[in-house]
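Note sheet for the following structure.
Numbering (full-length UniProt numbering), first residue to last: 1 to 264.
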């Protein structure tokens, strides 16, 4: 049937596209569910503490993430006039979302090292490195399938993973710095115990430690999987690209959750 989009591609590519559609559908459903469940906390947070810079970044991460997820989903399932333009838009959403997610993590360092401009300056420079995610729109491309208006990934270059690598390194450095500083300043007891459980810390310090562990441990596995797929030259372009969507969605959900838990 020439009017069936998947009839224009080999069976293995058709199977990969079907798998990616299921994954994207699950991702967008889970992310929207997370937004709905967190809405009461967000309204309480804005009402109780006002709307400042960190909150503007928080909202910005939400907007850029949903733009990224929706555009990725439409690329897979909807007739598109220009696949090249849409895939470049998706890449730019990656370039925006990754630094914004990391910026919320940087704000934790700024709060912890308040008054220490040297340390804050160093971590600000480290955060600026996450703009290496701007390689994303130049590393991907797409085209129509045959004579249809449906799209398929035609290219996912390895250097597109730079932003994910730098983002993971940034989060690791921030996480370890926060954890070591908090455990070092715990009130007596084993530093190892403080590092692991927050023992001997005040409530705010323990919240900083626990929320950092929550974010890092949940996202690290997805980061490793995404990077492994993008960097593998034997993996087809569709598979190489598909796990970036749940990866960024999970990062955003966890980043926003950590921000809410700490602020409330």
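Using N, Cα and C, we set each Cβ at its ideal position, and we do this for glycine too.
From a predicted model like this one, the values you see are computed outputs, not experimental measurements.
- Per the coordinates, the alpha-carbon of residue 60 lies some 7 Å from the alpha-carbon of residue 100.
- Proximity of the region 235 to 244 to the region 46 to 55 falls short of the contact definition, fewer than three beta-carbon pairs being nearer than 8 Å.
- With 16 or more other Cβ atoms from the protein chains shown falling within 10 Å of its own Cβ, residue 171 counts as buried.
- DSSP places residue 234 outside both helix and strand once states are collapsed to three, so it counts as coil.
- Going by beta carbons, residue 112 and residue 127 fall outside the 9 Å limit.
- Where residue 121 is concerned, the enclosing alpha helix (DSSP H) starts and stops at 117 to 128.
- Between residue 167 and residue 152 the beta-carbon gap is near 27 Å, outside 8 Å, which marks them as no contact.
- Taking a contact to require three or more Cβ pairs closer than 8 Å, the region 65 to 75 and the region 24 to 38 qualify as touching.
- For residue 254, the number of other beta carbons within 10 angstroms of its own is at least 16, and it is reported as buried.
- Sorting 11, 134, 79, 262 by C-alpha distance to the C-alpha of residue 159 places 134 at the top.
- Residue 227 and residue 164 do touch by the CB rule: their CB atoms are close to 6 Å apart, below 8 Å.
- Pairing residue 68 with residue 94 gives a Cβ-Cβ distance under 9 Å.
- Judged by DSSP secondary structure, residue 133 falls outside any alpha helix (DSSP H); it is assigned neither H nor E.
- The C-beta distance from residue 54 to residue 105 rounds to 11 Å, too long to fall under 8 Å, and the pair is not in contact.
- In the three-state DSSP reduction, residue 154 falls in the strand class (E or B).
- Across the set 259, 138, 65, 144, the C-alpha of 144 shows the shortest separation from the C-alpha of residue 82.
- Following the DSSP letters along the chain, one finds residue 173 inside the alpha helix (DSSP H) bounded by residues 162 to 184.
- Taking the Cα positions, residue 156 is about 6 Å away from residue 139.
- Proximity to residue 110 across 92, 161, 181 peaks at 181, based on C-alpha coordinates.
- Here residue 244 has 226 as same chain residues with Cβ atoms under 6 Å from its own Cβ, once five neighbours each way along the sequence are excluded.
- Under DSSP, residue 144 takes part in a beta bridge, and its partners are 151.
- Rounded to the nearest whole angstrom, the CA to CA distance from residue 85 to residue 149 is 13 Å.
- Residue 55: member of the alpha helix (DSSP H) spanning 53 to 77, first to last residue.
- By the beta-carbon neighbour count (other beta carbons within 10 angstroms, threshold 16), residue 62 is buried.
- In this chain, residue 50 is not harboured by any alpha helix (DSSP H), its DSSP state being neither H nor E.
- Here residue 137 has 88, 91, 92, 95 as same chain residues with Cβ atoms under 7 Å from its own Cβ, once five neighbours each way along the sequence are excluded.
- Residue 219 sits close to residue 250, with the two beta carbons spaced by under 9 Å.
- Residue 161 sits away from residue 248, with the two beta carbons spaced by 9 Å or more.
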